[in-house]
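Numbering (UniProt numbering), first residue to last: 1 to 117. From the three backbone atoms N, C-alpha and C, an ideal C-beta is built for every residue, glycine too. Quick notes on the structure that follows.
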């Protein structure tokens, strides 16, 4: 691999997760993102109560993302070999944390009835 291209990255992710699971995750991420944008436009303001619950979900999302990737790659924490592995692991955790926060905020906004003032 002489160059790191977008197509190469897609091929690597398809190899790791399997073609069906990878594209299902892409569709799910796009769906949650669109729902989040819909909620932000619909409500025209962020609810700090929902945002707090979303932030509290972040550590769980980070841990679940790391565990999920380790299960898919058949690896464990003892397989970390150097600084690049730690950076990738932190990136996976950060992505899982942000994804969990967006998912929780969106789910609360879509499925909970707003309190009447």
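Asked	Found
Grab me the residues of residue 106's own chain with a C-beta within less than 7 Å of its C-beta, minus the 5 sequence neighbours each way, in chain order.	32, 35, 36, 39
Could you compute how far the alpha carbon of residue 30 sits from the alpha carbon of residue 48?	24 Å
Determine contact between the segment 91-107 and the segment 61-72, defined as no fewer than three beta-carbon pairs at a distance below 8 Å.	yes
Assuming residue 15 is part of the alpha helix (DSSP H), what are its boundary residues?	6-17
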